[in-house]
Amino acid sequence: MTMVLDNRSPHTMHHENANNVRARICAAVFTALLISTLFLLMFYPGFLSRDSANSWQQAVTQNYDTIKPPLMAIIQRAFFLSTSTGEAAIASFSFVQGALLWSAIFVVIAVSIRSWFSLAVCSALMLCLLPLWVHTNVHWTDVWVFAFAVFGLLAFNTFYKSGFTHTKWLIIGTLLFFISISIRYNAISSLPLVAVVWFIYIGKRHNINGLARVAVAAAICVILALGTKASVLMPGVEQQGSMLRFALFNQYLGTIVNSNSELQEKLIAQEKPYYDAAFGDGALEASIPLYLYSGNGLMFWPKDALIGFDRILKNGQFIIDRLPMLIWESPTGFIRHKFAYIRGQIAHSAEYFPMHPYVDPNILNVTSSPIIPGYRWTVETLISLKTSLLFKHWPSILLGVIGFVFCLKNRNALPCAVYVFGLLYTIPYLLSETGLEWRYLLPMYISGYLTFFVAVADSIERIFDKTRPMSGDMNLLSPQPLS
């Protein structure tokens, strides 16, 4: 192939590339607004699960609790106060959530590739992911966590391209991540991304040795983590038991059940006083036959459940206290349970499970009332495809790995960072166990496919670029001011 030379100056080429990026970003945001509007009309005024309805109840009554960080309910309170009816509050919240979700997705594509055609194709492919249709309007905290984290990564990407000189983008990115981790407890696992950016910045702009840089970056993350407690510690917020009691229960019981017979008898006798004191006489013996490696929802959710969700939040602290000792005494039982759990998740985990294309009873008495056709077809299609690969989590993770490798090879930093965020967000669900499926892996689901689609488009663009004029936008990892 023959390389075609471009006589334009590097400054001129870079200025044109920057203008093209801005134009693609504007188009991406405008398209996101249209998509959010379309889905709002189709699913008007949005979808409410039982958790969503509970969050809105807190927003209306101002009776917040700490089962989840109250920040989401506080945001919903702002929508409730700024609208005239409950339906308007739900609808406006749905629209904003959809706009944030699709803007985050489309803008990452717009910044990571270099042609309008690639932007259109990658955006269309993301729209083909049917689970995201419902997530546009179902009131789900993970959508907000993902959107704010991705906007934070976009700010960090702009800061990087400025040659680490425009520190406003460093501050903006850090604040956006702070909002993200304040919406959901486990989102704190994404803080290493913030630490890396601060570590690099300190090394570039200040004469500080490596160990001190690590200490400063870590201190910033600790401050952010502690800052997330602000909404939890507000006056009037009801302090509830830690959700870890619920999340770790499966491992506690699974370690006992999967131990060899002699050790199992010993552990049952050892743990029975604590277990029965919390959940009633004979509860441990009754729980063992009900154990499922994939989750123990039957012990919590039915009205006549053996344990019940409220009781484990109230009385389950012993699970957190005693699990480390159980693992120490029976590492084999713990490992057997863990492997069975992970195998089951890989086989069954799908984005279908957390979707809820319905409106549950709620304090605002809002019901589903679609304005344009499409709702019934969407629900029927989702149900018919729920066992297909399109909904499974493992293909998105695998394709994301492939995309990550290609983006890394092509020095395309932003999609790499988005995929790493998805992985970091997944870690808490590997450590804890919340049920039959990884219900909260939406960020990983989006990140995997997004990284893969961008990687393919970027690689194809680079092949064709070999026969085109050299462009100042060829190396996305080259720090360059945007203006």
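Under my numbering, the residues of the sequence shown are numbered 22 to 504, in order.
All C-beta atoms in this analysis are idealised placements derived from N, C-alpha and C, irrespective of residue type, glycine included.
Alpha helix (DSSP H) segment containing residue i, residue limits
i: Asn336; result: 330-336
i: Val159; result: Element bounds for Val159: n/a, residue is neither H nor E.
i: Cys242; result: 231-248
i: Leu452; result: 434-452
i: Ala110; result: 107-133
i: Ala99; result: 92-102
i: Gly224; result: 212-226
i: Trp398; result: 396-405
i: Ala326; result: Premise fails: Ala326 is in no alpha helix (DSSP H) and is neither H nor E.
i: Leu265; result: 265-268
Counterpart residues of residue i in DSSP-defined beta bridges
i: Leu69; result: Val380
i: Ala371; result: Lys413
i: Asp342; result: None; Asp342 has no bridge partner.
i: Asp86; result: Glu259
C-beta contact flag for residue i and residue j at 8 angstroms
i: Ile277; j: Leu265; result: no
i: Asp381; j: Arg71; result: yes
i: Thr162; j: Ile202; result: no
i: Ile204; j: Trp165; result: yes
i: Leu212; j: Ala246; result: yes
i: Tyr450; j: Pro464; result: no
i: Asn158; j: Gly119; result: yes
i: Cys149; j: Ile130; result: no
i: Leu319; j: Tyr273; result: no
i: Tyr314; j: Gly365; result: yes
i: Ala233; j: Trp219; result: no
i: Ser57; j: Phe114; result: no
i: Val215; j: Thr195; result: yes
i: Thr124; j: Ala53; result: In the sequence on display, residue 124 carries Ser and not Thr. Yes.
i: Pro152; j: Glu372; result: yes
i: Glu454; j: Ala268; result: yes
i: Ala112; j: Tyr65; result: yes
i: Ala307; j: Leu327; result: yes
i: Ile134; j: Val475; result: yes
i: Cys428; j: Asp486; result: no
i: His160; j: Ser76; result: yes
DSSP state of residue i mapped onto helix, strand, coil
i: Glu259; result: strand
i: Asp302; result: coil
i: Phe485; result: helix
i: Val387; result: coil
i: Asn38; result: helix
i: Gly194; result: helix
i: Thr276; result: helix
i: Cys143; result: helix
i: Cys47; result: helix
i: Tyr461; result: coil
i: Tyr358; result: Reading off the sequence shown, one finds His at residue 358, where the question assumed Tyr. If DSSP states are grouped into helix, strand and coil, His358 belongs with the helices.
i: Pro490; result: Low confidence applies to Pro490: its pLDDT is 49, below 50, so where it sits in the model is not reliable enough to give any reading.
i: Ile392; result: coil
i: Asn281; result: coil
i: Gly184; result: coil
i: Gly316; result: coil
i: Leu498; result: The pLDDT assigned to Leu498 is 42, lower than 50, so where the model puts this residue is not dependable; a value taken from the coordinates is nonetheless given after this. Here Leu498 sits in coil by DSSP.
i: Val253; result: helix
i: Phe321; result: coil
i: Leu151; result: coil
i: Ser351; result: coil
i: Gly205; result: It should be pointed out that residue 205 corresponds to Arg in this sequence rather than to Gly. Correct three-state label for Arg205: coil.
i: Ser504; result: Because Ser504 sits at a pLDDT of 38, beneath the cut-off of 50, its placement in the model cannot be relied upon, and the point is left open.
i: Thr408; result: coil
i: Ser308; result: helix
i: Ser136; result: coil
Whole-Å CB distance - residue i paired with residue j, under 8 angstroms assumed
i: Asn383; j: Leu69; result: 5 angstroms
i: Arg483; j: Asn431; result: 6 angstroms
i: Pro394; j: Val155; result: About 16 angstroms; that fails the 8 angstroms criterion.
i: Trp415; j: Ile367; result: 5 angstroms
i: Ile340; j: Phe270; result: 6 angstroms
i: Val441; j: Leu471; result: Between Leu471 and Val441 the Cβ distance is about 12 angstroms, and since that is not below 8 angstroms, they are no contact.
i: Ile423; j: Phe473; result: 6 angstroms
i: Val128; j: Asn178; result: Their Cβ separation, rounded to whole angstroms, is 10 angstroms, which puts Val128 and Asn178 out of contact at 8 angstroms.
Proximity test, Cβ basis, 8 angstroms: residue i and chain D
i: Gln285; result: The structure shown contains no chain D; it is built from a single protein chain.
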